[in-house]
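**Student:** Let me give you the structure first, and then I'll get to my questions.
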Amino acid sequence: MPATARNIVVGNGGATALATATDFKWASITDELKDMLNKASPTATASDGLGEARLNFIRGDSSREGTTFRRRNNKLLGDIVNSGAEYSGAPSATVTSATYAAFRTDNLARKPAVFIGANDGMLHAFEASTGNELFGYIPSWVRPKLSLLPGTDYIGNHQSYVDATPAVAEAEVGSAGTKADWRTVLVGGTGAGGRGVFALDVTDPTAFSASKVMWEFTQKDDADMGFVVGQPKILKMRVNASTAATPVYKWFAVVASGVDNYVNDGAGVYSTTGSPALFLLDLAKPASVAWNATGANPNYFKISFPVNAALAATVAPGMINFEATAGPQREVRYLFAGDLHGNMWKLDFSTVSSADWNLAKLSPFVKGSPATPYPLYVARSATGAVQPITMAPTLVAGARNMSIYVAFGTGKYLEVDDRTSSASNSYYVINDNGTATFDNTGGVAAVSGRGRLKAGSVNTSTNAVSVDSFVWGRATSDTDATQRSGWYFDYPVAGERQVTGAVLSGDLLIFGSLIPGATGGANACGVSGGSGNEYRLDVDDGNGTFRVSRVGILGQPIVVELAQAIEEKSNSTGRRTRTITSQVVRQGSSGIETGTADKTMKIVVAGRLSWRQINNYNDLKNTTP
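Numbering (my numbering), first residue to last: 41 to 665.
The structure is reproduced here in C-alpha cells:
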C-alpha cells in the first residue's frame, strides 16, 4: 500500500473545541503537532523544518532513508514487544436482547480484524485473512516522541510507543433503545509509551476515521493514572443498588492504573500518594465533555488502594491486572485484583450503587470505625518477603456453596533489576468462601497467611507437584487439621516467577513461568537466554506435573477445543456425559509447540440433568388458573 494511501489517525488530546482526532496528514494535523515534528527530539528548541518529511517517513515514505533518516529496509512495521494481538470477528452470540440481535445481524459478515500495538507510534488494525493494514491510530500522548522515529541514531535510542495489549468487546454505549446503541469497542493502553488509555469504535474496522475515536484518558485527567502495562477490560456494571426495583446498567472501560504514577511526567503531574487504582471509565462519555469524577453526573470512577509507605520506599507500588465474575445479566459481581505489594483484593459490586464505589464500601473485609478495608490475602515468601502480583488471577467456582477459588502466581518483570532477581515466588489457590469473616481478628487479610494453606512440594527429578489431601474451608489456625484455606507451592528455580495468565481446561490449571537467563536474558531486544516451566495442576487438589519449555520464554498458553467429542449413551434418567478433547498451544519466544502430548480432556454432563415424575399432570393442565 502506498504511504499516501494508508489510513492513519492521530489523537489531539483533551476535551477542547478541537476535534478529538485528525487524519495524520500534514494538511490536517494541529499546529501543536507540526511544531513537535519540526524538532528532532522532544528536548530540541529549534525547528529544522523537517516536520512534514518526518510525518511522511512515519506514514511509510522511504525517499529520505539512508540520507536524512535511518534505513528501515522495507520493514515499515515497528517492533512489537509487550503488546499482544486481539482478534475481532462476528459479534458474540452471548448477549440476549432484541437491539443487540439486530446489531449482530448487521455485522455478522464484517471483515475479521487483528489489533496490536507497535513501537512505531501506532495501534494497528490488520485484516485477519490477508494481513493488509486497515488503519493505524496514534494516541495523543506519544506525539512528542514521534520525531525520534526517523532519527539516524534511533537504534541506540529506542522508545516505547504503543506497547500494551488492547481489549475488544461489544458494548451498549447509547440509550435510544435501538441497534445503534451498540458498538464494538477497543480500549488500549501504551505500556511504557505513556500514561493513558484510549477508546475506539471499531464496529467496522474497514471504515475507521477520526470520528471513530471515542475518547482518551491520561494523567492530565487524573494524576493517579500510571503507565498501563496490563490489559483493560470492557465490562457491564449495575450502577443502582440491588434493592432498586429496576436495574440500571452501564458499560465501562475498567483499567488498572499500572506503574510509576508517582513519577513526574515532566509537566509537574504525578500522584502524590502513589496509590494504585482501578479506573472505571464511562464508554458513553462524549468526546467533547471533560472527565469528571465528582458531582451529580460523574463519567468516571476511581477505586484507590492503600499504600504501605515504609514498604514503598524499597518496593514500588502499582496494580497491573485483574479479573471479574459475572452475574445473571453478565454484569460484574465480584472483581479480584493483585498489586505489587502482594495484596489480592476482592471487590463486591453485587449490592451497592455507583455512589458507593470506593474500597471501604466494596471490600467485604473491613475492620474498625471508620471501616478500614483489608485484602483477601497477602502473598509473602517463606522468609516473609512480599511477593508482587502482576498477572490476572484465574477465578474458579469452588466445591462449596458460593466459594471462589482465586488462583494466581507471583513475580514481576518490569524493571532492570528484575532481570537478575533471584527472589522466591509462589503459586497460590486461595478459597474465598463468600463470607466477610477473618480467620484471625489480628490478621492483615481475611486469610492471614500461608500457614492457613496446604503446602505443596516440587520434585524436580520426576517433574511433579504434590499436595497432600485436605478439606477446603477457612482454617482457624495454622495447626487446624480439619480444613485448609487453599494450597500453594514455591517455584523450584531461584528467580522463577509468574507474569502471564493461566488458562483452565476442565479442572486443569495450565500456565507457564518465566526464568530469566543467567545474564539477565529475556529482555526486549533479543539478548539470548531465558526459559520457563509449563505447569498442569488440578485446581481442586494442587497435584500435577511440569515440564521445561522447549520454545524459550513462555507466554500464556492457548487451549483450543477440538471438533470431535465422545458421548456416552444416556442412562435411565436421560443423563449422559461428553468427553471433550482440547489442544494446548504453547507460545514461546522461539516459536510455538503442539503435539499429541499437548492434549487435555474434560468430561461434562449432557442430556437430561435431572427429572421428576408429575403424577397428576392432566389435572394440573386442565385446572383453570
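Using N, Cα and C, we set each Cβ at its ideal position, and we do this for glycine too.
These numbers come from a predicted model, not from an experiment.
(1) Using a threshold of 7 Å, is the CB atom of residue 50 nearer than that to any non-hydrogen atom of the ligand NAD?
(2) State yes or no: is the C-beta of residue 313 within less than 8 Å of the C-beta of residue 347?
(3) Residue ranges of each alpha helix (DSSP H) run of no fewer than 4 residues wholly in the region 505-532, ordered along the chain?
(4) Should the region 138-145 be called in touch with the region 213-231, which here means at least 3 C-beta pairs below 8 Å?
(5) Since I believe residue 352 is in contact with residue 580 (beta carbons under 8 Å), could you give me their beta-carbon distance rounded to a whole number of angstroms?
(6) Given a threshold of 16 other Cβ atoms within 10 Å of its Cβ, counted over all protein chains shown, does residue 127 qualify as buried or as exposed?
(7) Does the region 475-484 come close enough to the region 528-545 to have 3 or more Cβ pairs within less than 8 Å?
(8) Mapping DSSP to helix, strand and coil, what is residue 231?
(9) For residue 449, tell me which candidate among 265, 241, 93 and 377 has the shortest Cα-Cα distance.
(10) Under the assumption that residue 625 contacts residue 600 (Cβ atoms under 8 Å), give the Cβ distance between them as a whole number of angstroms.
(11) In whole angstroms, what is the alpha-carbon distance linking residue 522 and residue 502?
(12) How would you label residue 273, buried or exposed, when you count the other beta carbons within 10 angstroms and need 16 or more for buried?
(13) Going by alpha carbons, who is nearest to residue 455 out of 120, 100, 231 and 425?
(14) Given residue 342, which residues of its chain have a CB within under 7 Å of its CB, disregarding the five upstream and five downstream residues?
(15) Within the continuous alpha helix (DSSP H) that includes residue 93, where are the two ends?
(16) Are the beta-carbon atoms belonging to residue 130 and residue 147 less than 8 Å from one another?
(17) Suppose contacts are defined by Cβ-Cβ distances below 8 Å. Is residue 388 in contact with residue 399 by that definition?
(18) What is the C-beta distance between residue 525 and residue 515, in whole angstroms, given that I count them as a contact (C-beta under 8 Å)?
(19) Residues bridged to residue 153 by DSSP?
(20) Measure the alpha-carbon distance for residue 95 versus residue 596 and round it to whole angstroms.
(21) Does the region 354-364 come close enough to the region 379-394 to have 3 or more Cβ pairs within less than 8 Å?
(22) Between the C-alpha atoms of residue 169 and residue 244, what's the straight-line distance to the nearest angstrom?
(23) Using C-beta distances below 6 Å, list every residue in its chain close to residue 462, excluding the 5 sequence neighbours before and after it, in chain order.
(24) Residue 76 and residue 184 - do their beta-carbons sit closer together than 8 Å?
(25) In terms of DSSP beta bridges, what is residue 271 paired with?
(26) Out of 118, 554 and 512, state which residue places its alpha-carbon closest to the alpha-carbon of residue 99.
(27) Using the three-state DSSP reduction, which class does residue 397 fall into: helix, strand or coil?
(28) Select from 552, 255 and 594 the residue whose C-alpha is nearest the C-alpha of residue 576.
(29) Between the region 195-207 and the region 145-159, do at least 3 Cβ pairs fall closer than 8 Å?
(30) Using a 10 Å radius around the Cβ and a threshold of 16 neighbouring Cβ atoms, would you call residue 407 buried or exposed?
(31) Among the residues of its own chain, which have a CB less than 7 Å from the CB of residue 394, if the five just before and after it don't count?
**Tutor:** On the basis of the supplied data:
(1) With respect to the ligand NAD, the structure offers nothing, as it holds no ligand at all.
(2) yes
(3) none
(4) yes
(5) With a Cβ gap of about 37 Å, residue 580 and residue 352 do not count as contacting.
(6) exposed
(7) In the pairwise beta carbon analysis, the region 475-484 is classified as not touching the region 528-545: fewer than three pairs are separated by under 8 Å.
(8) Correct three-state label for residue 231: helix.
(9) Between residue 449 and the set 265, 241, 93 and 377, the nearest pair of CA atoms involves 377.
(10) The Cβ separation is near 6 Å, so the contact holds.
(11) Taken atom to atom, the span from the alpha-carbon of residue 522 to that of residue 502 is near 30 Å.
(12) buried
(13) 231
(14) 262, 264, 317, 319 and 333
(15) 91-99
(16) yes
(17) no
(18) 5 Å
(19) 128 and 167
(20) Answer to the nearest angstrom: the Cα atoms are 36 Å apart.
(21) Taking 8 Å as the limit for Cβ pairs, the verdict is that the region 379-394 does touch the region 354-364.
(22) 15 Å
(23) Answer for residue 462: 534 and 535, listed in chain order.
(24) For residue 184 and residue 76, yes; Cβs fall inside 8 Å.
(25) Paired residues: none, contrary to the question.
(26) The candidate whose alpha carbon is nearest that of residue 99 is 118.
(27) coil
(28) Of the listed residues, the one whose Cα sits closest to residue 576 is 552.
(29) yes
(30) Classification for residue 407: exposed.
(31) 279 and 341
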